[in-house]
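Using UniProt numbering, the letters of the sequence shown map in sequence onto residues 1 to 310.
Every residue, glycine too, gets a C-beta built ideally from N, C-alpha and C.
Since we're looking at a predicted model, the values are computed, not measured.
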Amino acid sequence: MSPPAILQDAPVASDCSITQSQPLTTQMHVKPEYKSGHPALAYVDEEAESPPKFSDPYEERAYLKHRLAIAFRVFAQFGLAEGVAGHITLRDPVDPTSFWVNPFGTHFSLIRDEDLIRVDHDGKVVEGGKNKRLNYAAYAIHAEIHKARPDVLCAAHSHSLYGRAMCATGRTLDMLTQDFCVFYNDHVLYNSFAGLVLAPEEGKAIVKCLGNKKAALLGNHGILTAGQTIEATVAWFVLFERCCQIQLVADAAASGRGVPLVTIGDEEAKATWEAVGTKGNGYFQGLPLFQVAEREFGERSLLGRGTAAA
Numbered sequence: 001m002s003p004p005a006i007l008q009d010a011p012v013a014s015d016c017s018i019t020q021s022q023p024l025t026t027q028m029h030v031k032p033e034y035k036s037g038h039p040a041l042a043y044v045d046e047e048a049e050s051p052p053k054f055s056d057p058y059e060e061r062a063y064l065k066h067r068l069a070i071a072f073r074v075f076a077q078f079g080l081a082e083g084v085a086g087h088i089t090l091r092d093p094v095d096p097t098s099f100w101v102n103p104f105g106t107h108f109s110l111i112r113d114e115d116l117i118r119v120d121h122d123g124k125v126v127e128g129g130k131n132k133r134l135n136y137a138a139y140a141i142h143a144e145i146h147k148a149r150p151d152v153l154c155a156a157h158s159h160s161l162y163g164r165a166m167c168a169t170g171r172t173l174d175m176l177t178q179d180f181c182v183f184y185n186d187h188v189l190y191n192s193f194a195g196l197v198l199a200p201e202e203g204k205a206i207v208k209c210l211g212n213k214k215a216a217l218l219g220n221h222g223i224l225t226a227g228q229t230i231e232a233t234v235a236w237f238v239l240f241e242r243c244c245q246i247q248l249v250a251d252a253a254a255s256g257r258g259v260p261l262v263t264i265g266d267e268e269a270k271a272t273w274e275a276v277g278t279k280g281n282g283y284f285q286g287l288p289l290f291q292v293a294e295r296e297f298g299e300r301s302l303l304g305r306g307t308a309a310a
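This is the structure:
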């Protein structure tokens, strides 16, 4: 009996990257109903794939205040509360020349609908809960954002751990992974730290640097996101913080090995941004965060959906 034939292993390529001759499949080449994040592909409990619309601005105010209270709970869950620093603001649908914000000195995990305070663009507290103290830095930054960016419903800033570390490097993010591409050509570095932001001029300078982008690294300070929905603003903040963490870890690993980081090319990053970086995708990505916060904290701790505005 003859010995079995020895099968030669097929040659194995040492580099598995796509060559120039191979077509690149991106979201642009996929049918709309099969694109990533298409609402028909996932069941979302008690939520639509886009924000609800209201004919009554007072009903809209009550709904948005409730969502803002949940946003603070999300920040608390992710450890984004640092002492009394940090704020999330919401443009008021009844009076767009004012915004809702957390009262100074109340922990994010304890904020309810009724605790929020409304501030006009002159820095006056118009209405709100028992604690009507205003963090003036919140006014100096956020009032300028809401005045300059009518497209922005919500803006968020806190002194998060990895955000602050990244803000000390004097650089923006590299496009290291798919998630980073949410911020491709969509974040900036404001590298002019001048102490506490207490002057409107400093807020204007930050807003000028931010331009029409969704996120900013405030040098030696912290990170900031702005969006057309509360959910997108929160989702982008949580992701921005995580990207800062990954950037710092990747930088350290590359430095230790003495090799450069492998980054995503511009064409691929742009295509990925178009798939995951838009305002609609931001809203969709934020929904699970809000679902978990509502379930874990419970409606009673948030004052209940639909409660009339103060």
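Strand pairing of Val125, partner residues [DSSP]: Numbered from 1 along the sequence shown, position 125 holds the residue referred to as residue 125. For Val125, which the question treats as bridged, DSSP gives the partners Val119.
Span separating the alpha-carbon of Ala235 from that of Val188: As a first step, residue 235 is located in the sequence shown; it is residue number 235 there, counting from the start. As a first step, residue 188 is located in the sequence shown; it is residue number 188 there, counting from the start. The straight-line gap from Cα to Cα measures roughly 18 Å.
Bridge-paired residues (DSSP) for residue 311: The structure shown has nothing for residue 311, since the chain only spans 1 to 310.
Whether Ile246 touches Thr177 by CB criterion (8 Å): Position 246 of the sequence shown, counted from the start, is the residue given in the question as residue 246. Position 177 of the sequence shown, counted from the start, is the residue given in the question as residue 177. Yes, they are a contact pair.
Alpha-carbon spacing of Lys130 relative to Phe72, whole angstroms: The residue given as residue 130 occupies position 130 in the sequence shown. The residue given as residue 72 occupies position 72 in the sequence shown. Taking the straight line from one Cα to the other gives about 18 Å.
Identified DSSP bridge partners for Cys154: Your numbering for residue 154 matches position 154 in the sequence shown. Paired residues: Leu90, Gly227.
Collapsed DSSP secondary structure at Val262 in the structure displayed: Numbered from its first residue, the sequence shown carries residue 262 at position 262. Coil, per DSSP.
DSSP bridge partner residues for Val276 (one or two, in chain order): Residue numbering aside, residue 276 sits at position 276 when the sequence shown is read from its first letter. Per DSSP, none; premise fails for Val276.
Nearest neighbour of Gly258, chosen from Thr272, Ala250, Glu59 [CA to CA]: Taking the sequence shown and counting its residues from 1, one reaches residue 258 at position 258. When each option's Cα is compared against that of Gly258, the closest is Ala250.
Alpha-carbon spacing of Arg91 relative to Phe99, whole angstroms: In the sequence shown, counting from the first residue as 1, residue 91 sits at position 91. In the sequence shown, counting from the first residue as 1, residue 99 sits at position 99. When rounded, the distance between both Cα atoms is 4 Å.
Opposing strand residues paired with Trp100 [DSSP bridges]: In the sequence shown, counting from the first residue as 1, residue 100 sits at position 100. In the DSSP output, where bridge partners are listed per residue, Trp100 has Leu90, Arg118.
Nearest-angstrom Cβ-Cβ length linking Cys244 and Gly163, presumed shorter than 8 Å: Numbered from its first residue, the sequence shown carries residue 244 at position 244. Numbered from its first residue, the sequence shown carries residue 163 at position 163. Confirmed, about 5 Å.
Three-state class that DSSP yields for Tyr184 in the structure shown: The sequence position of residue 184 within the sequence shown is 184, counting from 1. Residue state, collapsed to three classes: coil.
Rounded straight-line distance, which links the Cα of Glu268 to that of Val292: Here residue 292 refers to the residue found at position 292 of the sequence shown. Here residue 268 refers to the residue found at position 268 of the sequence shown. Each residue's Cα considered, the two are about 32 Å apart.
Three-state secondary structure assigned by DSSP to Glu82: Taking the first residue of the sequence shown as position 1, residue 82 is located at position 82. Glu82 falls in the strand class under three-state DSSP.
Bridge partner(s) assigned by DSSP for Leu68: As a position in the sequence shown, residue 68 is number 68, starting the count at 1. BP columns for Leu68 are empty, so no partner.
Which residues DSSP lists as bridging Gly222, in chain order: One-based indexing of the sequence shown puts residue 222 at position 222. Beta-bridge pairing links Gly222 to Leu218.
DSSP beta-bridge partners of Tyr190: In the sequence shown, the residue the question calls residue 190 occupies position 190. Tyr190 pairs with Leu218.
Proximal residues to Pro260 (C-beta, below 8 Å), its chain only, five neighbours per side dropped: In the sequence shown, the residue the question calls residue 260 occupies position 260. For Pro260, where only same-chain residues beyond five positions count, the Cβ hits under 8 Å are Ala254.
Pairwise C-alpha distance: Ile264 and Asp120: Taking the first residue of the sequence shown as position 1, residue 120 is located at position 120. Taking the first residue of the sequence shown as position 1, residue 264 is located at position 264. Their backbone Cα atoms lie some 43 Å apart in a straight line.
Cut-off 8 Å between Cβ atoms - residues of its own chain near Ala168, not counting five sequence neighbours on either side: Translated into positions along the sequence shown, residue 168 becomes position 168. Here the set comprises Gly219, Asn220.
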